[in-house]
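Residue numbers (the numbering used here), protein chains in the order written: chain A, -1 to 314; chain B, 13 to 339.
We treat Cβ as the ideally placed atom computed from N, Cα and C, and that holds for glycine.
Accompanying notes for the structure given below.
This is the structure in structure tokens:
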């Protein structure tokens, strides 16, 4: 005689690819200690607790938990987990069920100006989360292929904002106009440096406050991900007389938004290749990758850049 | 000023250009005869026998519209640009060279001496180097000969004189030329500084090709001669670098329909200051690898980044500005 128990919340999560390792979790909390979101953004963020909620059948609580929505699948916790659970996969499964149940992401997401969008599809490929796709829509009386954002999948990293060749994608706080407006450094003889800092690469609060302690000739511009950087910003900065541009992102494999680090490293690398071709290549635009263990290295990088720029200015 | 019933006066000029813009005008064919009935052509050195002195003899502003093709490469180009500006009510930067420097603008990758050395000393077609260089002034038995000075930097027309309208294209396609002629001759003048004979959006907007199912993430950039190209699928999906995403539409896609990727000759769309860096930003977002150490190899497959991203717009780019600001 067979006995079928009703499908539990945990069964549903396990049935979704990625969710199958749920029960291996013995709640040690190592994942929480690795998580940047918990440290930097949301103290309530706690993967250990979310997995526990699922196993206990606390469906509504799990769907409302910030953990369900904020995980960027950076997977810093994955190598640390003694049970080798792919935790972001489990969280992704919970998120999928939450979306199906009608819950919505609390995050600020990008939006597309459909009248500008050409439907080139670059953003679709740029997005690390498959949050953008092309749809046929009526725009200003004509059927047109345009990009559409799935607000539940978008984490607001801004990689697509930089990738869009028409400036048709923006997000409050990191639109082209807002970032370019910050490219301004007062002149007082000292080397003028713009430092773009990704929100995640500085793990320690000390490093963040250290950056703020530099005088006015070092302008710090915060961006969610180094992948948000657009080489045109570096060119505009140099044209306006700023001496150098430093872009700080996460180390390879540690990018908070999966693809951001290598997209930005490609951009800066190609830009420098073009500088070399034009014989203006003199190391004034740099990309530094800061790893989880690299505490204090931001000072070394900024100081090295300032010293280099001082020597460069002297030589001009 | 011309009398009210007099025909409008038109001028055409070529500076540093290949002649393609001139050919596009002759491609008007029989329509050119109609143009000839409607206007007086007062200067067109490529097709008709005029001398510079004919232009000098005209009053200031006497030419109604001057279509100026070619970049500013030497002192002669600059001199005639100034002369035609003075003599013309409307000056149109006609074609990519005058508008944004185009292929001649790629010489900004080098300085004048490197260009001359290549042409006079090291080009493979030369038997041997005789160390010859064109000099602005030289003495021959009969007289002293002066030739134009070859500049270090290729400039656009607007970097040299005030320009009223910009018409993109290498060369502008003939139907757009006809449209522009009709519009201007009808006196329907767009706002000063307008891009004419082109559309507001980009080539991706009008391109009929399908994005492949594999998407456009790129692990290796290929060049058109290295692969058999599917005529129905997006070039980027096939790993071919196409400039369509950051290039203004209006050409009618002759390259794409000929199974070649867009090379960017219609320049940046509205709202884009620097076509090359914008294109770079878009293309870099497509690069895909799980192995960071692979990146330099993938980037190496973009053989000539400047010549690819700024193929037509280098002279008009921030990159060029940075180079020449330093002197």
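Is it buried or exposed for residue 269/B, if we count other Cβ within 10 angstroms and need 16 for buried?
exposed
Checking the sheet assignment: what are the DSSP bridge partners for residue 107/B?
Looking at the DSSP assignment, residue 107/B forms no beta bridge with any residue, so it has no partner.
If I'm right that residue 163/A touches residue 147/B with Cβ under 8 Å, what's the distance once you round it to whole angstroms?
Actually they do not touch by this definition, with Cβ atoms about 45 Å apart.
Can you check whether the CB of residue 89/A is closer than 8 Å to the CB of residue 45/A?
yes
When the cut-off is 8 Å and only beta carbons count, does residue 233/A lie next to chain B?
yes
Reference residue 261/A; option with closest CA among 124/A, 51/A, 78/A
124/A
If we count the other Cβ atoms within 10 Å of its Cβ and call it buried at 16 or more, is residue 105/A buried or exposed?
exposed
For residue 43/B and residue 240/A, I'd like the C-alpha separation in whole angstroms.
53 Å
Taking C-beta pairs closer than 7 Å, name the residues in chain A that residue 283/B reaches, listed in chain order.
164, 165
Tell me which same chain residues have a C-beta within less than 6 Å of the C-beta of residue 190/A, skipping the five on either side of it?
183, 215, 240, 241
Report all residues from its chain with a CB closer than 6 Å to the CB of residue 247/B; omit the five preceding and five following residues, and keep chain order.
254, 273
Within-8 Å CB hit, residue 213/A to chain B:
no
Does the segment 308 to 327 of chain B come into contact with the segment 86 to 102 of chain B, if we say contact requires no fewer than three beta-carbon pairs (one atom in each stretch) closer than 8 Å?
no
According to DSSP, simplified to helix, strand and coil, what is residue 174/A?
helix
Which whole runs of the beta strand (DSSP E) in the segment 159 to 230 of chain B are 3 residues long or more, in chain order?
162 to 167, 177 to 179
Can you check which of these residues, 156/A, 94/A, 267/A, 61/A, is closest to residue 197/A by C-alpha distance?
156/A
Are the segment 320 to 331 of chain B and the segment 288 to 301 of chain A touching by the rule of at least three beta carbon pairs closer than 8 Å?
no
Residue 229/B to residue 292/B, Cα distance in whole Å?
14 Å
For the beta strand (DSSP E) holding residue 140/A, just list the boundary residues, first then last.
140 to 147
With 8 Å as the C-beta to C-beta threshold (strictly closer), list the residues of the segment 242 to 253 of chain A near chain B in chain order.
250, 251
For my contact list, residue 51/A and residue 70/A are in at a C-beta cut-off of 8 Å; report their separation, rounded to the angstrom.
No, residue 51/A and residue 70/A are not in contact; Cβ-Cβ is about 20 Å, not under 8 Å.
Between the Cα of residue 97/A and those of 132/A, 60/A, 109/A, spot the shortest distance and give me the residue it belongs to.
60/A
With DSSP as the reference, label residue 25/B as helix, strand or coil.
strand
With a 10 Å radius around its C-beta and 16 neighbouring C-beta atoms as the bar for buried, classify residue 222/B as buried or exposed.
exposed
Helix, strand or coil, according to DSSP, for residue 66/B in the structure here?
helix
Determine the extent of the alpha helix (DSSP H) in which residue 326/A is found, giving its start and end residues.
Nothing about residue 326/A can be read from this structure; chain A reaches only from -1 to 314.
My output table needs one value for residue 29/A: the three-state DSSP class, helix, strand or coil.
helix
Is the number of C-beta pairs between the segment 298 to 307 of chain A and the segment 49 to 56 of chain B that are closer than 8 Å three or more?
no
With a floor of 4 residues, list each alpha helix (DSSP H) that falls wholly inside the segment 73 to 115 of chain A, ordered by position along the chain.
85 to 98
For the segment 138 to 149 of chain B, list every residue whose C-beta sits within 7 Å of some C-beta in chain A, in sequence order.
none
Of the choices 281/A, 202/A, 168/A, whose alpha-carbon is the least far from that of residue 112/A?
168/A
Can residue 94/A and residue 181/A be called in contact, C-beta distance under 8 Å?
no
For residue 21/B and residue 276/A, believed in contact at Cβ under 8 Å, the rounded distance:
Not a contact, Cβ separation roughly 41 Å.
Does residue 393/A get closer than 8 Å to chain B when you measure Cβ to Cβ?
Residue 393/A lies beyond the range of chain A shown here (-1 to 314); nothing can be said about it.
Less than 8 Å between CB atoms is the rule here; does residue 288/A satisfy it with respect to chain B?
no
Out of 307/B, 317/B, 262/B, 304/B, state which residue places its alpha-carbon closest to the alpha-carbon of residue 288/B.
317/B
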